[in-house]
Structures are given as structure tokens and as C-alpha cells.
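J.: Sharing a structure, written as C-alpha cells. Questions coming.
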Ligand SMILES: [Zn+2]
């Protein structure tokens, strides 16, 4: 099993619904996202997948969330914009894009940092063998 990882950062605002505390108020984060992709086999030139392509997929996935109020952006207009829900949303979006990769790969982990000292991680079940 091989794994490769890329990271991306963006800034966004949110307010947690059904939460009593400071985070129910509108505030922002400089989010850091790390996606780990895994697969069994390398391609003909010895790569699991091209970092350039993987970074593009993560950038494209995060672009709609950059400098917006997340609570107004689907799916977070109904889904609470917690770090956990952002992690699964990014994981599912990335998995759909990875289906285009000629070498079979899948999302192994998505980690969303809201600050340097707090993060949430989503690990999906295996999609491919
Ligand atoms: Zn927050």
C-alpha cells in the first residue's frame, strides 16, 4: 500500500448552528486541509498519482469555500459547517474526482485544521481493493 499527501489552505467564515458558546457567533478560520490518498499499485513511471493532479483536485474542491461564509454555501447551508462535516464533504468530493485517475486510488484520510492546535479527521471506508 502506498500513500501520498497534499495540503491546501484557505480562509472562510462560519457560525455553528445548535451550539451554545463562542462558536455560534460568526467568526473565521485560516483552514488547513491535508488529503492522504492510498493505492496498492504504482503506475508505469513509479507514481501512485501525479502530485500536480492531486493538488489541482484539492484546490478545485476547496476553491468554492475560499473567502465565503460557509453557512450560505451548499452543503453547509443545511449541514452544520463543523470541521468534521467539512472533512467528509472534502473527502467525498475528492473521491469523485479521483475516479478519473488512471491508476486506482482512494481517499485514505482528510484532516481539517481550524487552528494550529485543533483538527478533525475523516477516514472513509475502502472504496477500491
Ligand atoms: Zn469555528
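Numbering (our numbering), first residue to last: 136 to 264.
Note that the Cβ used here is the ideal one computed from N, Cα and C, for glycine as well.
#1: Taking only the alpha-carbon atoms, compute the straight-line gap between residue 155 and residue 169 and give it to the nearest angstrom.
#2: Between the beta-carbon of residue 149 and the beta-carbon of residue 206, is there less than 8 Å?
#3: When you compare the CB positions of residue 173 and residue 138, do they come within less than 8 Å of one another, or not?
#4: Just how far apart, CA to CA, sit residue 152 and residue 181?
#5: With distances taken Cα to Cα, identify the nearest neighbour of residue 253 among 208, 211, 218.
#6: Could you check the C-alpha separation between residue 212 and residue 171 for me, to the nearest Å?
T.: By the coordinates alone:
#1: 29 Å
#2: yes
#3: yes
#4: 46 Å
#5: 218
#6: 27 Å
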